[in-house]
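Q:
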Amino acid sequence: VTSLKVDVSAFCSPHRPCEPIRNYSRYQWEEADPYLTLGTLGKNGEDSRVRYQAGTPDWIIRAADYSSEDTLRQGIELFGSLDSANTHVYIFFDGTAAGTSWRGWSSGQSIYLKFQGEGWITETEALLGVIDAFVSHEIFHLWNSWAASPAEGVPPWLTEGFAEFYSLMTRNRSGRIDDAETVQALARSASGCMNALSRGQGLPPASTPIDQSPYECGLLIAWLAADLDSRKGHSPTDAWNRVFQEQQVG
Numbered sequence: 001v002t003s004l005k006v007d008v009s010a011f012c013s014p015h016r017p018c019e020p021i022r023n024y025s026r027y028q029w030e031e032a033d034p035y036l037t038l039g040t041l042g043k044n045g046e047d048s049r050v051r052y053q054a055g056t057p058d059w060i061i062r063a064a065d066y067s068s069e070d071t072l073r074q075g076i077e078l079f080g081s082l083d084s085a086n087t088h089v090y091i092f093f094d095g096t097a098a099g100t101s102w103r104g105w106s107s108g109q110s111i112y113l114k115f116q117g118e119g120w121i122t123e124t125e126a127l128l129g130v131i132d133a134f135v136s137h138e139i140f141h142l143w144n145s146w147a148a149s150p151a152e153g154v155p156p157w158l159t160e161g162f163a164e165f166y167s168l169m170t171r172n173r174s175g176r177i178d179d180a181e182t183v184q185a186l187a188r189s190a191s192g193c194m195n196a197l198s199r200g201q202g203l204p205p206a207s208t209p210i211d212q213s214p215y216e217c218g219l220l221i222a223w224l225a226a227d228l229d230s231r232k233g234h235s236p237t238d239a240w241n242r243v244f245q246e247q248q249v250g
């Protein structure tokens, strides 16, 4: 194969339209993994939104399915409904390497999770927690990156921090993590933000790339904003609504 023509409309937000067809040269699509996947993905039941690569351990599929559904349910309660019928979670797995590594991102209504390492073959409580946090964070980007765009000038670390904060809060609400774990996570974020700030000249500008952004500072600000709103008798989600424009789909 020397080139591919791909329908990429699913990767565009309602307010950031792009061309419906994109041409990829060979080197481009080889570097685009896992957006472009040749082959068949399995489906975890007729009503499941999870799609997975052959060889993915069953426990990872089940964990991602549960986390995505519970987070969507709570997200709708907090921020309102959105058209999630075409929201899918794509899981890619490679158990040949040593250790455990993972990465994930969302694009449009599609959420991509990639697990690498033989450590993922066996289910553990610690790894279940990793998947839960991982999936929940990406699900919240359906509200703050797809259904609603960040307001002008909002930096990526704040966008990511809001997803981190509400992932933490909803997992606590549903009993997936207890109060002690939640407090520890908040304390780690506060410490991580202070460390990040001590190495620079304050909070980074909006132009800072996501992979160089202090998620911890975004989580800390989201936490403080939600607490302040609650003390004033407002909804703790009011801060979210001020940072992100009104939903345009749903």
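At position 17 of the sequence shown (counting the first as 1) the number is 17 in our numbering, and the numbers step up by one without a gap.
No residue lacks a Cβ here, since even glycine has one placed at the ideal position from N, Cα and C.
Taking DSSP as the reference, what is the three-state secondary structure of Ile177?
A: Sequence index remark: in the sequence shown, residue 177 carries index 177 (1-based). Here Ile177 sits in coil by DSSP.
Q: DSSP on Asp94, reduced to helix/strand/coil?
A: On the sequence shown, residue 94 is found 94 positions in, with the first residue counted as 1. Three-state result, Asp94: strand.
Q: For Ile121, does the three-state DSSP call read helix, strand or coil?
A: Here residue 121 is taken as the residue at index 121 of the sequence shown, counted from 1. Coil.
Q: What number of angstroms, rounded off, separates the C-alpha of Arg49 from the C-alpha of Gln184?
A: Working through the sequence shown from its first residue, we reach residue 49 at position 49. Working through the sequence shown from its first residue, we reach residue 184 at position 184. Looking at the two C-alpha atoms, the distance is approximately 32 Å.
Q: Around the C-beta of Met194, are 16 or more other C-beta atoms found within 10 angstroms, so that it is buried, or is it exposed?
A: Your numbering for residue 194 matches position 194 in the sequence shown. Per the 10 Å Cβ criterion, exposed.
Q: Classify Thr71: buried if its beta carbon has 16 or more other beta carbons within 10 angstroms, exposed otherwise.
A: Numbered from its first residue, the sequence shown carries residue 71 at position 71. Buried: at least 16 other Cβ atoms inside 10 Å.
Q: Please report how far the alpha carbon of Gly129 lies from the alpha carbon of Ser136, in whole angstroms.
A: Taking the sequence shown and counting its residues from 1, the one referred to as residue 129 is at position 129. Taking the sequence shown and counting its residues from 1, the one referred to as residue 136 is at position 136. So the two alpha carbons sit approximately 11 Å from each other.
Q: Tell me whether Asp238 sits in a helix, a strand or coil according to DSSP, three-state version.
A: In the sequence shown, counting from the first residue as 1, residue 238 sits at position 238. Looking at Asp238 - three-state DSSP - the assignment turns out to be helix.
Q: Do the CB positions of Tyr112 and Trp105 come within less than 7 Å of each other?
A: On the sequence shown, position 112 is the one that residue 112 refers to. On the sequence shown, position 105 is the one that residue 105 refers to. Yes; because the gap between Cβ atoms is below 7 Å, this pair is in contact.
Q: Check each candidate in Phe115, Glu125, Ser110 and Ser235 and name the one with the smallest Cα separation from Trp143.
A: Start at 1 with the first residue of the sequence shown, and residue 143 comes out as number 143. Minimum Cα distance to Trp143 is reached at Ser110.
Q: Could I get the ranges of all uninterrupted beta strand (DSSP E) runs contained in the segment 40-101, with 3 residues as the minimum, in chain order?
A: Counting whole runs of 3 or more residues, the segment 40-101 contains the beta strand (DSSP E) stretches 50-52 and 88-94.
Q: Among Glu164, Ser189 and Asp132, which one has its Cα closest to the Cα of Ile177?
A: Against the sequence shown, residue 177 aligns to sequence position 177. Of the candidates Glu164, Ser189 and Asp132, the one whose C-alpha sits nearest the C-alpha of Ile177 is Asp132.
Q: Rounded to the nearest angstrom, what separates Glu181 and Thr170 at their Cα positions?
A: The count along the sequence shown starts at 1 and reaches residue 181 at position 181. The count along the sequence shown starts at 1 and reaches residue 170 at position 170. Straight-line Cα distance between these residues: approximately 13 Å.
Q: Per DSSP, which residues does Ile111 bridge with? Please list them.
A: Here residue 111 corresponds to residue number 111 of the sequence shown, with the count starting at 1. Paired residue(s): Val89 and Ser106.
Q: One question on the structure: do Gly95 and Glu118 come within less than 7 Å of each other, judged by their Cβ atoms?
A: Here the question's residue 95 lines up with position 95 in the sequence shown. Here the question's residue 118 lines up with position 118 in the sequence shown. In this structure, Glu118 lies closer than 7 Å to Gly95 by Cβ.
Q: How far does the alpha helix (DSSP H) with Ala225 in it reach, from first residue to last?
A: Locating residue 225 in the sequence shown gives position 225, where the first residue counts as 1. Where Ala225 is concerned, the enclosing alpha helix (DSSP H) stretches over Tyr215 to Arg231.
Q: Could you check what DSSP says for Pro150 in three-state terms: helix, strand or coil?
A: Taking the first residue of the sequence shown as position 1, residue 150 is located at position 150. Correct three-state label for Pro150: strand.
Q: Anyone know if the C-beta pair for Arg51 and His88 falls short of 7 Å?
A: Reading the sequence shown from its first residue, position 51 is the one you call residue 51. Reading the sequence shown from its first residue, position 88 is the one you call residue 88. Yes; because the gap between Cβ atoms is below 7 Å, this pair is in contact.
Q: Smallest Cα separation from Ala98: which of Phe134, Ile121, Gln74 and Arg173?
A: Position 98 of the sequence shown, counted from the start, is the residue given in the question as residue 98. Measuring from the Cα of Ala98, the nearest candidate turns out to be Ile121.
Q: To the nearest angstrom, how far is it from the Cα of Ala190 to the Cα of Lys43?
A: As a first step, residue 190 must be located in the sequence shown, where it is residue number 190. As a first step, residue 43 must be located in the sequence shown, where it is residue number 43. For Ala190 and Lys43, the distance between alpha carbons rounds to 39 Å.
Q: Out of Thr237, Asp227, Asp65 and Asp229, which one is the CA nearest neighbour of Phe134?
A: For the purposes of this step, residue 134 is taken as the residue at position 134 of the sequence shown. Looking at the Cα atoms, Asp65 is the closest of the given residues.
Q: Do Thr56 and Ile91 count as a contact pair if the criterion is CB distance below 7 Å?
A: Within the sequence shown, residue 91 is the residue found at index 91, counting from 1. Within the sequence shown, residue 56 is the residue found at index 56, counting from 1. In this structure, Thr56 lies closer than 7 Å to Ile91 by Cβ.
Q: Apply the 10 Å Cβ neighbour rule to Ser81 and answer buried if 16 or more other Cβ atoms are within range, or exposed otherwise.
A: Taking the sequence shown and counting its residues from 1, the one referred to as residue 81 is at position 81. The residue in question, Ser81, is exposed, as its Cβ has fewer than 16 Cβ neighbours within 10 Å.
Q: Any idea if Gly233 is buried or exposed, counting beta-carbon neighbours within 10 angstroms, 16 or more meaning buried?
A: Translated into the one-based positions of the sequence shown, residue 233 becomes position 233. Gly233 should be labelled exposed.
Q: Cα separation between Glu138 and Ala163?
A: For the purposes of this step, residue 138 is taken as the residue at position 138 of the sequence shown. For the purposes of this step, residue 163 is taken as the residue at position 163 of the sequence shown. Cα to Cα, Glu138 sits roughly 7 Å from Ala163.
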